[in-house]
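Chains A and B, in that order, are what the protein sequence lines are. Quick note: the first sequence, position 131, residue 131 per the working numbering, numbers continuous. Quick note, the working numbering runs 168 ahead of the 1-based positions in the second sequence. Just so you know, even glycine gets a beta-carbon here, dropped at the ideal spot from N, CA and C. Nothing here was measured: the structure is a model prediction, and the numbers come from that model. A short worksheet on the structure shown next.
Number of protein chains: 2
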Amino acid sequence: MPTHHRGPEEERIALDAFITLFRAAGSLNRRLSAGLAPAALSAPQFGVLETLLHVGPLCQKDLARKHLRSGGNITMVVDNLERRGLVKRVRGEKDRRFTTVHLTPAGRRLITRTFPPHARAITEIFSVLTREEQIHLAHACKRLGMAALGRSDEARAEDGTRQNSPCP
Amino acid sequence: MPTHHRGPEEERIALDAFITLFRAAGSLNRRLSAGLAPAALSAPQFGVLETLLHVGPLCQKDLARKHLRSGGNITMVVDNLERRGLVKRVRGEKDRRFTTVHLTPAGRRLITRTFPPHARAITEIFSVLTREEQIHLAHACKRLGMAALGRSDEARAEDGTRQNSPCP
DNA sequence: CGGGAATAATTCAACCTTAAATCGTCTTTA
DNA sequence: TAAAGACGATTTAAGGTTGAATTATTCCCG
């Protein structure tokens with residue numbers, strides 16, 4: 001919604017940036033989901049497989065934290081992946097509250113051949129911006145994200161400063 | 169997911185910008201949804217009411233186009249708003265295929281008192297960026313969105329160049 | 001040691017989202 | 001004018017999302 005609102009200029013500019021950011025995210029998302037359709041993967045499913053590939057087996061709590069999603073949500077996404085045999089749950093031996101999620105061979109095969117074209121698609125789309133523009137965009141979004149979180153909890157949980165929980 | 173992937177630099181930068189953009193949108197969305205909770209409005213419901221307030225009664229097709237959502241989605245969101253008595257559907261007289269969605273007095277009251285604090289919250293969060301940064305951000309996102317859409321159909325349907333459908 | 005607090009996962013209800021199928025209602029055209 | 005096609009809205013099935021309640025397990029402390 002193109003914010004037909006007319007207020008003071010500061011507000012107008014902020015609302016315009018806001019709505020544009022959201023529309024871009026939506027369009028990106030739709031486009032990339034289409035690219036995932038051949039593998040019959042939803043974006044969240046792809047995200048979980050990608051994380052498992054690049055950081056290794058994780059408990060669901062950590063998956064939730066990494067993706068900024070609720071626990072119940074991860075349960076469902078992992079359910080659907082497990083139903084297709086792309087992932088398996090392993091009950092913690094030391095601490096039986098945890099279940100660690102592992103890629104199966106089939107899951108690893110699928111994600112290793114799905115990730116590269118996906119990354120290429122992103123790179124291709126972002127190439128409408130120069131290298132510097134991309135860096136500035138990322139920087140601005142990083143600050144925005146922090147501001148939105150109000151700096152409270154996991155603001156930078158995924159910004160590199162990871163303090164991983166001890167999923168056994 | 170902080171893209172632990174390590175590829176050529178161009179790809180690394182694009183993926184970083186991508187993931188940062190999405191995390192920012194997610195955080196913004198969560199924060200603003202929290203602000204809407206007192207009014208018991210979801211973000212999509214708020215969006216529809218806001219559009220109806222600022223552009224006037226619209227048929228569902230136009231609402232769908234404005235929000236880049238499917239028709240079925242709008243049917244449900246309007247259902248929920250109508251159930252609460254915030255909007256009402258009016259069957260087209262000339263062409264009975266269309267239903268025009270109107271704000272009820274209650275709906276107008278709710279959205280007129282909900283919008284200003286919402287806009288202020290956005291402005292407040294975006295104030296971590298300078299005026300110029302916000303403008304550059306919007307510009308970059310605009311180009312990104314176009315690139316993602318592949319320039320096809322309603323790429324700029326909401327960028328001002330509105331060609332409204334003739335909902336009677 | 002034993003009971004209460006904390007914690008990981010699951011379930012549940014409510015809503016959002018889409019694509020595809022269907023229903024009514026025009027419009028076109030043969 | 002009647003059949004065919006186009007078009008707006010609704011329904012349906014599948015999945016995503018959340019927050020709250022529940023369950024199972026472990027931890028802590030008196």
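The segment 219-230 of chain B and the segment 263-274 of chain B touch, with three or more beta-carbon pairs separated by less than 8 Å. The criterion of a C-beta distance shorter than 9 Å is satisfied by A/Phe22 and B/Asn197. Here the alpha carbon of B/Leu254 sits roughly 15 Å from the alpha carbon of B/Ile242. In the same chain as A/Leu53, and ignoring 5 residues on each side of it, the C-beta atoms closer than 8 Å to its own belong to Leu103, Arg108, Ile111, Thr112 and Phe115, in chain order. The C-beta of B/Ile293 comes closer than 9 Å to at least one C-beta of chain A.
Think of a sphere of 7 Å around the beta carbon of B/Ser195: the chain A residues whose beta carbon falls inside it are Gly145, Ala148 and Leu149, in chain order.
Note on the segment 196-254 of chain B: whole alpha helix (DSSP H) runs with a minimum of 4 residues are 211-223, 228-235 and 239-251, in chain order. B/Gly260 and B/Arg252 have their C-alpha atoms some 22 Å from each other.
Beta-bridge analysis with DSSP links B/Thr268 to B/Cys227 and B/Val258. Taking 9 Å as the cut-off, the beta carbon of B/Cys309 is found closer than this to the beta carbon of A/Ala17. According to the DSSP assignment, A/Gly145 belongs to the alpha helix (DSSP H) that extends over Arg131 to Leu149. The segment 128-147 of chain A makes contact with the segment 289-306 of chain B: 3 or more CB pairs, one atom from each, lie closer than 8 Å. For B/Ile290, the closest C-alpha among the options B/Arg199, B/Leu217 and B/Glu177 is that of B/Arg199. For the segment 9-38 of chain A, the set of positions with a beta-carbon nearer than 7 Å to some beta-carbon of chain B reads Glu10, Glu11, Ile13, Ala14, Leu15, Asp16, Ala17, Phe18, Thr20, Leu21, Phe22, Arg23, Ala24, Ala25, Gly26, Ser27, Leu28 and Arg31 in chain order. The alpha carbon of A/Glu82 has as its nearest neighbour, out of A/Val55, A/Leu41 and A/Ala119, the alpha carbon of A/Leu41. By the neighbour-count definition (other C-beta atoms within 10 Å, threshold 16), A/Ala25 is a buried residue.
In this structure, the beta-carbon distance from B/Ser295 to A/Glu10 falls below 9 Å.
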